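A.B. asks:
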Amino acid sequence: STVICVFEKDSILIDEDLLANSARSLETLVSVGMKLGVATRKQSEIDLPNLENCVLE
Amino acid sequence: GHASSKGLPDASEEDSSRLSRLKQKLHINRNHHHRQRLRRIFRRSHGNSSGSSGSCLKLVSAEDFAGIALLTLVSAEMKFKDKWLACVSLGEQTYRTEISDQTEKPVWNSEKKLLLERNGPHVARISVFETNRISKNNIVGYCEIDLLEFLTQDSDSDFEVFELFDPSSSDIVVGKISLSCSVEDPIETEKSFARRLLSIVDYNQDGRLSFSEFSDLIKAFGNQVAANKKEELFKAADKNGDGFVSMDELADLLAIQQEKEPLINCCPVCGEILGVSDRLNTVVHLSLCFDEGTGNEAMTGGFLTDKEASYGWMFKLSEWAHFSSYDVGLNFGSSASHILVFDRKTKRLVEELIDGKIVMSMRALYQSKIGLCLMDSGAKEILYKISEKQGRKMNSAESAEDIPKFVEFFKDQIKLDEVKYPLEHFKTFNDFFIRELKPGARPIAFIERDDVAICAADSRLMAFKNLEDSLRFWIKGRKFSIQGLLGKEICPSTFVDGALIIFRLAPQDYHRFHFPVSGIIDQFVNVPGNLYTVNPIAVNSEYCNVFTENKRVISIISTAEFGKVAFVAIGATMVGSITFLKKEGDYVNKGDEFGYFSFGG
Chain C
395 STVICVFEKD SILIDEDLLA NSARSLETLV SVGMKLGVAT RKQSEIDLPN LENCVLE
Chain G
-14 GHASSKGLPD ASEEDSSRLS RLKQKLHINR NHHHRQRLRR IFRRSHGNSS GSSGSCLKLV
46 SAEDFAGIAL LTLVSAEMKF KDKWLACVSL GEQTYRTEIS DQTEKPVWNS EKKLLLERNG
106 PHVARISVFE TNRISKNNIV GYCEIDLLEF LTQDSDSDFE VFELFDPSSS DIVVGKISLS
166 CSVEDPIETE KSFARRLLSI VDYNQDGRLS FSEFSDLIKA FGNQVAANKK EELFKAADKN
226 GDGFVSMDEL ADLLAIQQEK EPLINCCPVC GEILGVSDRL NTVVHLSLCF DEGTGNEAMT
286 GGFLTDKEAS YGWMFKLSEW AHFSSYDVGL NFGSSASHIL VFDRKTKRLV EELIDGKIVM
346 SMRALYQSKI GLCLMDSGAK EILYKISEKQ GRKMNSAESA EDIPKFVEFF KDQIKLDEVK
406 YPLEHFKTFN DFFIRELKPG ARPIAFIERD DVAICAADSR LMAFKNLEDS LRFWIKGRKF
466 SIQGLLGKEI CPSTFVDGAL IIFRLAPQDY HRFHFPVSGI IDQFVNVPGN LYTVNPIAVN
526 SEYCNVFTEN KRVISIISTA EFGKVAFVAI GATMVGSITF LKKEGDYVNK GDEFGYFSFG
586 G
C-alpha cells in the first residue's frame, strides 16, 4: 500500500537528502515522525494583507 | 628526474639549502595550522594494528573529523564449524573478506581503508556468513559499530571484541568478532598520496620530479588553468630551489593548492568530481581511490550491500552474463528483482527482501505488453477477488499461525521490541499486520513546530518538487497526472506543480499511517479502482497506471502553514482495505495516527 501527499505549489521545502536520493531513483527508508520538510512561508502571512505598505489617504 | 634545468648545488649552496630546509620545516609547521588542530584530534595509538602501513592513531575527538580509518577484521568465534566470510558495510559501500577454512574460529586479518567523516556514514555493519557451495550463503550474525565512537574511546588495546547477534532477534548472541580500527595520520595520508602520485610520473625513479615530469603530472590532472601555470606551480613547489620537487614538497603543494584553487577537479581514478569543500576530503578520496591495499589480506570491495557481497558463484555468473545487474535506481527486467533502498538512519544501502516467485509474476504481469493484455482480459478482477479472499483468510483465527513464519522471513527488518503487545496478543494475522507501536517508538521531529512536516509512514520514500520530476525519475505510467491521482471531485488547480511525496509501505513495515502536518480534515473522497501492486516493478513500468487506477481515498487537510495538503491512501494487491481513525471536521496534530491498511479488498 502507498500514501501520496501532494502539497500546494512552493508551499514546502523538502529535505535535501530526500530529493537527492529521489533524483537517483533511489527510495529512502524513513520512519514515521522523521523530518520531511519546512513550510516555505507562513500561510497566515499570505492570507493577511500586508498592512505595513498601506498608507492613509 | 631528468637532468634539471640547473647543475647540482655546490657546497655554499649546500649550506643555504640546509638553512632553507630548516626554515622550511618551521614554515611548514607554522603554516599548517590545521595540522596542529588535527594533532589535537589524534593521539598515537599503542603499538600498531596488524601490519598496517604508516603511523596509526586513535581519535581524541571526533568533531568535524574527516580522514581515513583503517579497519581490520581479525577473527571470530562462532558456535559451529563452517567456512566463513565476513562483510563490512559503510554508507553505500560493502567489502568482504576471503572465505576461511572449515573452522569455528575463522581468522581473516583482512583490512580496508575507509573514508570516515563526521557528517557522513560512520556506523559500520559487520555481518558474518556461513558459506555453501550450491545453495546461497546465509547470514549467521551481525553487529553495528559506530566507528567514530570506537576510535575515540579510551582503550589501550587496539583490538576490540564485539558480540554478533542473530538477525532474527537482536538479543540472541551467535558469536564474537575481533577487529581493530585506527586512523591514518592525515599528514601520512597526504604524504602517501603524494608518494603514489609521484611514482606515476617519476620515470627514472630517483624519488623526485624534474620540471618535465612535474608538467606531465599537472597535465594528468586535466586542469587547463593549472596546466598554463606549470612554471609558476613548479617554482612554488620547489621550496628549497634545488630544481626538483621532492615528495614532501609535492604533498605540500597539493594540500595548500587544493585549498586555494583546486589542482585536481576530478578523481583521475573514478572520475568523481571533487568538491573543494575540504582539501583533506579531496586527498582522502584520492588516497582511497589510488589505494591498492597494503598487501595484507585487503578486502574485496565494489559491492552495494552485504547481501550482494555474500552471493555465491551463481549470481556472479548471472551478472557476468548480464542476466541481471545489481544497482541503485530504475531497474527493469531481472535487475528489478533486487530493490535497493537507502536507509536514512544508518546512511547505508539495504536490499528489500522479496520472494523470487512473486518478482517473476510481477515482472510478467506489469512489465510487458502481454501483462497488459492479461489485465484487460480479466486479470484485474482476479487480483481484486484474490485480495478479498486473502482478507477473509487473514481475519480468521487460523491465520495467527502465519505470524511467526512472517516474522522469521523478515527477521532483521521487524523489531518486535517496539511492538505494543507481545505476539501472543494477536488473534488473527490482520491484527498483527495493523499492530500498534509502544508510545514513543516513533519520535516526532520538531513536534512543537507546525511549519515542519514529518514523514507519514514507515516506508520507502520518494520526494519530488513537482510532477515533472516524478515522471522523470520514478512514475512511468503514461496516464499519471495530479488530476488523475486526486479523482474528479477534487479541483486539482490548488495542487498543480506542487510537491509530491510517495510513501511506499512494504509488507514488513508498520502499517499505520500518521498525519504529516497539523490542520483540519476538510473532506474524504473515495475513489474505487483496481488493486495492482504498488511495488516499483509496476510503478516504474509504462504498461501500468497504479496511482490513477488503484482503489484509493483522498483526504484534504487545511493547514495554517502549508495551505491545503492532499493525503492519498492507495490500496494494493492483497492489502486493499483502508481504515481511517479520524473524520471530517476533526482538528489533528502532526504525528497523530490517521489510519491503517490491512489485508482485504
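Taken in sequence, the protein lines are chains C and G.
With this note's numbering as the guide, the letters of the first sequence map in order to residues 395 to 451.
With this note's numbering as the guide, the letters of the second sequence map in order to residues -14 to 586.
Note that CB positions come from ideal geometry on N, CA and C, so glycine has one too.
As the structure is a prediction and not an experimental result, all values here were calculated from the model.
#1: Please report how far the alpha carbon of GLU83(G) lies from the alpha carbon of ALA433(C), in whole angstroms.
#2: Could you name the residues of the same chain whose beta carbon sits closer than 7 Å to that of LEU422(G), not counting the 5 residues immediately before and after it, in chain order?
#3: Could you pull the start and end residues of the alpha helix (DSSP H) that TYR351(G) belongs to?
#4: Would you identify the three-state DSSP class for THR413(G), choosing helix, strand or coil?
#5: Please classify ILE406(C) as buried or exposed, where buried requires at least 16 neighbouring CB atoms within 10 angstroms.
#6: Is MET379(G) helix, strand or coil by DSSP?
#7: Taking C-beta pairs closer than 9 Å, name the residues in chain C that VAL560(G) reaches, listed in chain order.
#8: For the segment 415 to 438 of chain C, which residues have a CB atom closer than 8 Å to at least one CB atom of chain G, in sequence order?
#9: Looking at the unbroken alpha helix (DSSP H) that takes in PHE178(G), where does it start and where does it end?
#10: Flag GLU410(C) as yes if its beta-carbon sits less than 8 Å from any beta-carbon of chain G, otherwise no.
#11: Could you give the DSSP three-state label for LYS161(G): helix, strand or coil?
#12: Show which residues of chain C have a CB atom less than 8 Å away from the CB atom of LYS450(G).
#13: So, helix, strand or coil for THR434(C), using DSSP?
#14: In chain C, which residues lie with their C-beta within 9 Å of the C-beta of ARG420(G)?
#15: How many angstroms separate the CA atom of SER420(G) from the CA atom of VAL560(G)?
#16: Can you give me the C-alpha to C-alpha distance between ALA438(G) and ILE522(G), rounded to a whole angstrom?
#17: Does the Cβ of LEU490(G) lie closer than 7 Å to at least one heavy atom of the ligand GTP?
#18: Show which residues of chain C have a CB atom less than 7 Å away from the CB atom of LYS549(G).
#19: Per DSSP, which residues does ALA448(G) bridge with? Please list them.
#20: If the cut-off is 9 Å on Cβ atoms, which residues from the segment 432 to 451 of chain G count as contacting chain C, listed in chain order?
#21: Out of GLU569(G), GLU578(G), LYS292(G) and VAL481(G), point me to the one whose CA is closest to GLN78(G)'s CA.
#22: Can you list the residues of chain C that ASP328(G) reaches, using a CB-CB cut of under 7 Å?
#23: Could you tell me if SER455(G) is buried or exposed, where buried requires 16 or more neighbouring beta carbons within 10 angstroms of its beta carbon?
#24: How many Å lie between ALA349(G) and ASP361(G) at the Cα?
#25: Specify whether the segment 479 to 491 of chain G and the segment 440 to 459 of chain G touch according to this definition: at least 3 beta carbon pairs, one from each stretch, less than 8 Å apart.
#26: Mapping DSSP to helix, strand and coil, what is LEU56(G)?
#27: Interface residues of chain C around ASP507(G) at Cβ under 7 Å?
C.D. replies: Let me lay it out:
#1: Position 98 of the second sequence, counting from 1, holds the residue named residue 83(G). Position 39 of the first sequence, counting from 1, holds the residue named residue 433(C). Roughly 51 Å separates the two Cα atoms.
#2: Position 437 of the second sequence, counting from 1, holds the residue named residue 422(G). Counting only Cβ-Cβ distances below 7 Å, and skipping sequence neighbours, we find GLU403, VAL404, LYS405 and TYR495.
#3: The residue you call residue 351(G) lines up with position 366 of the second sequence. 341 to 351 is the span of the alpha helix (DSSP H), which, as asked, contains TYR351(G).
#4: Mapped onto the second sequence, residue 413(G) falls at position 428. Three-state DSSP puts THR413(G) in coil, outside helix and strand.
#5: For the purposes of this step, residue 406(C) is taken as residue 12 along the first sequence, with counting starting at 1. Buried.
#6: Position 394 of the second sequence holds residue 379(G). The answer is helix: DSSP assigns MET379(G) an H, G or I state.
#7: Walking along the second sequence from the start, residue 560(G) turns up at place 575. Neighbours of VAL560(G) on chain C, chain order: SER395.
#8: ASN415, SER416, ALA417, ARG418, SER419, LEU420, GLU421, THR422, LEU423, VAL424, SER425, VAL426, GLY427, MET428, LYS429, LEU430, GLY431, VAL432, ALA433, LYS436, GLN437 and SER438
#9: Here residue 178(G) is taken as the residue at index 193 of the second sequence, counted from 1. First-last of the alpha helix (DSSP H) with PHE178(G): 171 to 186.
#10: Indexing the first sequence from 1 puts residue 410(C) at position 16. Taking Cβ atoms only, chain G never reaches closer than 8 Å to GLU410(C), which makes this a no.
#11: Reading the second sequence from its first residue, position 176 is the one you call residue 161(G). If DSSP states are grouped into helix, strand and coil, LYS161(G) belongs with the strands.
#12: As a working note, residue 450(G) is residue 465 in the second sequence. Chain C residues near LYS450(G): ILE408 and LEU413.
#13: Start at 1 with the first residue of the first sequence, and residue 434(C) comes out as number 40. Three-state DSSP puts THR434(C) in coil, outside helix and strand.
#14: Reading the second sequence from its first residue, position 435 is the one you call residue 420(G). Under the 9 Å cutoff, chain C gives no residues; its nearest Cβ is about 13 Å from ARG420(G).
#15: Here residue 420(G) refers to the residue found at position 435 of the second sequence. Here residue 560(G) refers to the residue found at position 575 of the second sequence. Correcting the residue type first, residue 420(G) is Arg in the shown sequence and not Ser. Distance between the alpha carbons of ARG420(G) and VAL560(G): 14 Å.
#16: Counted from its first residue, the second sequence places residue 438(G) at position 453. Counted from its first residue, the second sequence places residue 522(G) at position 537. Going by the C-alpha atoms only, they are around 29 Å apart.
#17: Ligands are entirely absent from the displayed structure, and the ligand GTP is therefore not among its contents.
#18: Numbered from its first residue, the second sequence carries residue 549(G) at position 564. Near LYS549(G) (Cβ distances below 7 Å), the residues of chain C are GLU402.
#19: Within the second sequence, numbered from 1, the residue matching residue 448(G) stands at position 463. DSSP output for ALA448(G) lists ILE486(G) as bridge partner(s).
#20: ILE432, ARG434, ASP435, ASP436, VAL437, ALA438, ILE439, CYS440, ALA441, ALA442, ASP443, SER444, ARG445, LEU446, MET447, ALA448, PHE449, LYS450 and ASN451
#21: The sequence position of residue 78(G) within the second sequence is 93, counting from 1. Of the listed residues, the one whose Cα sits closest to GLN78(G) is LYS292(G).
#22: Translated into the one-based positions of the second sequence, residue 328(G) becomes position 343. What ASP328(G) touches in chain C: LEU423.
#23: In the second sequence, counting from the first residue as 1, residue 455(G) sits at position 470. Buried, since its Cβ has 16 or more Cβ neighbours within 10 Å.
#24: Here residue 349(G) is taken as the residue at index 364 of the second sequence, counted from 1. Here residue 361(G) is taken as the residue at index 376 of the second sequence, counted from 1. Answer to the nearest angstrom: the Cα atoms are 14 Å apart.
#25: yes
#26: On the second sequence, residue 56(G) is found 71 positions in, with the first residue counted as 1. Reduced to three states, the DSSP call for LEU56(G) is strand.
#27: Here residue 507(G) corresponds to residue number 522 of the second sequence, with the count starting at 1. The contacting residues do not exist; ASP507(G) stays about 13 Å from chain C at best.
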